[in-house]
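Reading through the structure tokens given below for one structure.
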Amino acid sequence: MAIGLEFLFSSVVKHYYRRLNTYQRLSLTLLWSFWSAKMNFFLETLQLVYLSVYFILEACFRFFVRARRKNVTGEVVLITGAGSGIGRLLALEFAGLGVSLVLWDINQEGNKETARLAREKGAARVHAYLCDCSDKAEVYRVADQVKQDVGDVSILINNAGIVTGRKFLDAPDSLIEKTIEVNTMSHFWAFLPPMIANNHGHLISIASSAGLIGVKGLADYCASKFAAIGFAESVALELLSTGKDGVKTTIVCPYFVNTGMFDGCRTKWPSVLPILDPDYVAKRIVDAVLTNQAYLLLPRSLYFLMGLKNILPAKANVLLGVYFGACNFMDAFKGRAKKDQ
Ligand SMILES: NC(=O)c1ccc[n+]([C@@H]2O[C@H](COP(=O)([O-])OP(=O)(O)OC[C@H]3O[C@@H](n4cnc5c(N)ncnc54)[C@H](O)[C@@H]3O)[C@@H](O)[C@H]2O)c1
Numbered sequence: 001m002a003i004g005l006e007f008l009f010s011s012v013v014k015h016y017y018r019r020l021n022t023y024q025r026l027s028l029t030l031l032w033s034f035w036s037a038k039m040n041f042f043l044e045t046l047q048l049v050y051l052s053v054y055f056i057l058e059a060c061f062r063f064f065v066r067a068r069r070k071n072v073t074g075e076v077v078l079i080t081g082a083g084s085g086i087g088r089l090l091a092l093e094f095a096g097l098g099v100s101l102v103l104w105d106i107n108q109e110g111n112k113e114t115a116r117l118a119r120e121k122g123a124a125r126v127h128a129y130l131c132d133c134s135d136k137a138e139v140y141r142v143a144d145q146v147k148q149d150v151g152d153v154s155i156l157i158n159n160a161g162i163v164t165g166r167k168f169l170d171a172p173d174s175l176i177e178k179t180i181e182v183n184t185m186s187h188f189w190a191f192l193p194p195m196i197a198n199n200h201g202h203l204i205s206i207a208s209s210a211g212l213i214g215v216k217g218l219a220d221y222c223a224s225k226f227a228a229i230g231f232a233e234s235v236a237l238e239l240l241s242t243g244k245d246g247v248k249t250t251i252v253c254p255y256f257v258n259t260g261m262f263d264g265c266r267t268k269w270p271s272v273l274p275i276l277d278p279d280y281v282a283k284r285i286v287d288a289v290l291t292n293q294a295y296l297l298l299p300r301s302l303y304f305l306m307g308l309k310n311i312l313p314a315k316a317n318v319l320l321g322v323y324f325g326a327c328n329f330m331d332a333f334k335g336r337a338k339k340d341q
């Protein structure tokens, strides 16, 4: 019946269409494409509004009711820069979750110590490797070794990082290049293809609030962290558009953390932007990974400040930056003492 009606309808349309002259046909075609473009615009806008409202409500709900934590038992978790600071604390957080831990660092002593502490915390399988993440060939070589020894890495935490702590024109080219190689380019190599092939995995980028806003005295560091965020966001979109929704991404942007890396730096209004406790940061990162949170900004005030940054005019932004001390954060920078590294 439906097919009969459709046939009748198309025959009538064809009949009248044939009776039109060229000019009328052209007008009709233009009118049709204009109308369908309008309809597409209308439908897509409607979909955008509807889904945006849904996702905003979902985010509000998640603010009060945390998402269920995923089970990571049996996963292979690789942490770069595991020899100290946040990397070490992340290893200790994951130690009790039944994962195989793979620890990379250029600081072999620090890395061994992390491995020892992780075992003490209950990790059954811990593998520590000496690897300079700024050396692409070494990354591929040690990644192959990890594949043979432990298997495919399914959770990769790109955490290794360095800071020169000098004004841009005072920093030697070699240190600037190193900063980009460690903080950004090391994220590019080796581990994504098996995750995509298995449609399973998680990429975590330990970036920084300095990857969201420029800071006087941190030009190369900011550039490296902005780039790390741009890379992670773009890869996340590529994964989504190829249907690989089993590979998750988390971008972490903490303000100063009290690990030694930014020793000497001051915060102007600690009640709004406190120097963060490393244990708290590590716990929040692991929580974000286990709940597949896409972005983690710490402290929470950063979400509001970044919103302001995106809507305020440029001069008001500079004023806001000065108000929060972005021009003086680095004045008393000492950084990590050599013996701690
Ligand atoms: N400390 C902060 O205030 C702060 C704030 C925001 C973001 N971060 C980021 O968090 C991450 C961890 O920082 P942290 O505070 O724990 O610093 P950290 O100095 O304690 O740890 C960094 C680790 O990376 C290792 N590393 C450095 N270069 C390496 C290389 N080429 N190959 C392998 N390992 C290398 C170091 O040996 C060290 O163990 C970094 O990416 C840093 O940029 C830190």
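Note that the UniProt record's numbering numbers the sequence shown so that position 329 is 329, with each residue one more than the last.
Ideal placement from N, C-alpha and C gives every residue a C-beta, glycine not left out.
Asked                                                                                                                              : Found
Whole alpha helix (DSSP H) elements within the stretch 271-306, 4-residue minimum                                                  : 278-290
Residue from Val-289, Ala-288, Trp-269, Gly-260 with nearest C-alpha to residue 342                                                : Coverage of the chain is limited to positions 1 through 341, which leaves residue 342 absent and any answer about it impossible.
CA nearest to the CA of Ala-314, picked from Gly-214, Val-257, Ile-86                                                              : Gly-214
Simplified DSSP assignment, three categories, for Cys-253                                                                          : strand
Residue range of the unbroken beta strand (DSSP E) whose run includes Trp-104                                                      : 100-105
Ser-33 versus Gly-325: straight-line alpha-carbon distance, rounded                                                                : 55 Å
Anticipated Cβ contact below 8 Å, Ile-157 with Ile-204, distance rounded                                                           : 4 Å
Buried/exposed call for Gly-264, threshold 16 Cβ in 10 Å                                                                           : exposed
First through last residue of the alpha helix (DSSP H) which encompasses Val-146                                                   : 136-149
From Met-185, Tyr-255, Phe-64, Ala-228, residue whose alpha carbon lies closest to that of Leu-297                                 : Tyr-255
Thr-250: CB within 7 Å of a non-hydrogen atom of ligand 1                                                                          : no
Given 8 Å, three or more beta-carbon pairs between the stretch 128-143 and the stretch 101-116                                     : yes
According to DSSP, residues forming a beta bridge with Ser-205                                                                     : Asn-158, Ile-251
Rounded C-alpha distance that separates Ala-123 from Ala-228                                                                       : 30 Å
Reference Ala-82; option with closest CA among Thr-73, Phe-94, Gly-74                                                              : Phe-94
Under 8 Å between C-beta atoms of Ser-224 and Ile-180                                                                              : yes
Endpoints, the beta strand (DSSP E) within which Leu-48 is located                                                                 : Per DSSP, Leu-48 belongs to no beta strand (DSSP E); it is in the alpha helix (DSSP H), 22-64.
Neighbourhood of Asp-149 by C-beta distance below 8 Å, restricted to the same chain and skipping five residues each side           : His-127
Cβ-heavy atom distance, Trp-104 to ligand 1, below 7 Å                                                                             : yes
Contacts around Arg-125, its chain only, beta-carbon distance under 6 Å, and the 5 residues preceding and following it disregarded : Ser-100
Where Asn-40 falls, given that 16 or more other Cβ within 10 Å makes a residue buried                                              : exposed
Reduced DSSP secondary structure (H/G/I, E/B, other) of Arg-119                                                                    : helix
Backbone secondary structure at Arg-88 - three-state DSSP                                                                          : helix
Closer than 7 Å: Asp-220 CB and nearest ligand 1 heavy atom                                                                        : no
Backbone secondary structure at Leu-169 - three-state DSSP                                                                         : helix
For Leu-43 and Val-49, the rounded distance between their alpha carbons                                                            : 10 Å
Per DSSP, cross-strand counterpart(s) of Leu-78                                                                                    : Val-102, Leu-156
DSSP-derived helix/strand/coil call for His-127                                                                                    : strand
Under 8 Å between C-beta atoms of Gly-165 and Met-330                                                                              : yes
First and last residue of the uninterrupted alpha helix (DSSP H) at Phe-226                                                        : 219-241
Through-space distance from Gln-293 to Ser-208, alpha-carbon basis                                                                 : 16 Å
Same chain, Cβ closer than 6 Å to Ala-288, five either side skipped, listed in chain order                                         : Thr-250, Leu-296
Cβ contact (3+ pairs, closer than 8 Å) linking the stretch 136-155 and the stretch 182-198                                         : yes
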